[in-house]
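Notes to accompany the following structure.
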Amino acid sequence: MKVLVAGGAGYIGSHCVRQLIAAGHEPVVLDNLVYGHRAAVPATVRFHDADLTDASALERIFAAEKPEAVMHFAAFAYVGESVVLPLKYYRNNFAATLTLLEAMLKHGVNKFVFSSTCATYGVPEKMPITEDLPQKPINPYGQTKLDVENMLKALAPATGLSFASFRYFNAAGAAEDGSIGEDHEPESHLIPLAIGAAQGSRPALQIFGNDYPTPDGTCLRDYVHVDDLSRAHIAAFKLLETPGAQHFYNLGTGTPTSVLEVIKAVEKVSGLKVPAKFAPRRAGDPPALYADAAKAKRELNWTPKFQTIEPIVATAWRWHQAKPKGYGDRKA
Ligand code: UDP
211 MKVLVAGGAG YIGSHCVRQL IAAGHEPVVL DNLVYGHRAA VPATVRFHDA DLTDASALER
271 IFAAEKPEAV MHFAAFAYVG ESVVLPLKYY RNNFAATLTL LEAMLKHGVN KFVFSSTCAT
331 YGVPEKMPIT EDLPQKPINP YGQTKLDVEN MLKALAPATG LSFASFRYFN AAGAAEDGSI
391 GEDHEPESHL IPLAIGAAQG SRPALQIFGN DYPTPDGTCL RDYVHVDDLS RAHIAAFKLL
451 ETPGAQHFYN LGTGTPTSVL EVIKAVEKVS GLKVPAKFAP RRAGDPPALY ADAAKAKREL
511 NWTPKFQTIE PIVATAWRWH QAKPKGYGDR KA
């Protein structure tokens, strides 16, 4: 299939582009390069530097490319920033998706794969998290993703749009060949910050809270490899053949891993010490978040290849060691 990948120069999108090619599909990338990297998109893939809020740019791109499906990864994802600048998130994550859907439907494109998040659950009442738990986001980032899910639910019966919405847990790791990986600026994620602290390229890691009701007092998260996430997206295509189909899936390994266990994994893989100190809790961090991904396993035959933290960190470490100079040049 010819697939338009919105946000295909970003972390998860760029990994999915490579997997689409490997699976015999034809990706075309659209990205505004605010956070994405031009160098993360293979030279053989057609690239459009455009913003999803720009309806006339979308009109041109859909008319020229005639995609059969859209995968949508383009979003802002800084939870703290979303609390301070909610309109930035409503514009970029909600309004931009609305504009993208309008362009799709106008051009008869009815297949949509959406990046949602476990942040739509807020502080869940039980663990592991199943898809049917109430969704009560505690920040505008999670709210904008939930608002898109609700918009999709309304569109499917009204227009015949078929979609899969994937609620990611903690995306982690890098391509196994070390060619692309996680490179946010600013960086707020645990694994790249711990690796940077070990390498001496970033300050000592702050461990946000050691008094949580968890086995070692630090937060538990479900780290899932970015290539495993991508595989689920491609597996979803077969479900989108049915007009009006609606699917929601958690994507996680189901393995809870603490902040201290992540640090230990970085030390083991790198052979270096991670300089770290305990710091106060970060506002808005639930003590534990991990998935019950049985539904994705059952319906998509999706089993993550990476089940534990150490091999995931090993791919991230390889990427950070090999990271090409100039990768961060946004408009390169
Ligand atoms: N964390 C930490 N120090 C950091 C960054 C993150 O202790 O510098 C913790 C954070 O409190 C959370 C876990 O690491 O429990 C994962 O955080 P991250 O920002 O990577 O992802 P999130 O769970 O917020 O999506």
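Numbering (the numbering used here), first residue to last: 211 to 542. Ideal Cβ positions, reconstructed from N, Cα and C, are used throughout, including at glycine. Since the structure is predicted, the reported quantities are computational estimates derived from the model, not experimental observations.
How many Å lie between arginine 205 and lysine 507 at the Cα? The chain is shown only over 211 to 542; residue 205 falls outside these bounds and no answer can be derived.
Tell whether a beta-carbon distance below 7 Å holds between leucine 310 and leucine 243. no
Can you list the alpha helix (DSSP H) stretches of 4 or more residues lying completely in the stretch 252-282, in chain order? 265-275
Please report the straight-line C-alpha distance between alanine 265 and glycine 220, rounded to a whole angstrom. 21 Å
Kindly indicate the opening and closing residues of the alpha helix (DSSP H) around isoleucine 231. 221-232
Assuming contact is defined by CB atoms lying nearer than 7 Å, are serine 486 and alanine 414 in contact in what I supplied? Per the sequence shown, the amino acid found at residue 486 is alanine instead of serine. It is a contact, given that the beta carbons lie within the stated cut-off.
Sub-7 Å separation of leucine 461 and tyrosine 331 beta-carbons: no
Top-ranked residue by Cα proximity to isoleucine 390, from Met211, Arg528, Ala232: Arg528
Simplified DSSP assignment, three categories, for arginine 377: strand
Once you ignore the five residues that flank arginine 540 on each side, which residues in its own chain have a CB closer than 6 Å to its CB? A caution first: arginine 540 carries a pLDDT of 43, below 50, which makes its placement in the model too unreliable to give a value.
Inter-residue Cα distance where the pair is aspartate 495 and phenylalanine 418: 9 Å
Which runs of the alpha helix (DSSP H) fall wholly inside the stretch 429-499 and span at least 4 residues, in chain order? 436-445, 469-480
Report yes if the C-beta of cysteine 226 is less than 6 Å from at least one heavy atom of ligand 1; otherwise report no. no
Looking only at DSSP bridge pairs, what is phenylalanine 322 linked to? Val280, Phe373
For valine 333, which residues of its own chain have a beta-carbon under 6 Å away from its beta-carbon, when the five flanking residues on both sides are left out? Pro496
Could you tell me the distance, in whole angstroms, from the CA atom of alanine 250 to the CA atom of glutamine 353? 29 Å
Closest Cα partner of alanine 475 within the set Val523, Glu278, Phe458: Val523
In chain order, what residues of the same chain lie with their CB nearer than 6 Å to the CB of alanine 366, ignoring the 5 residues before and after it? Gly454, Gln456
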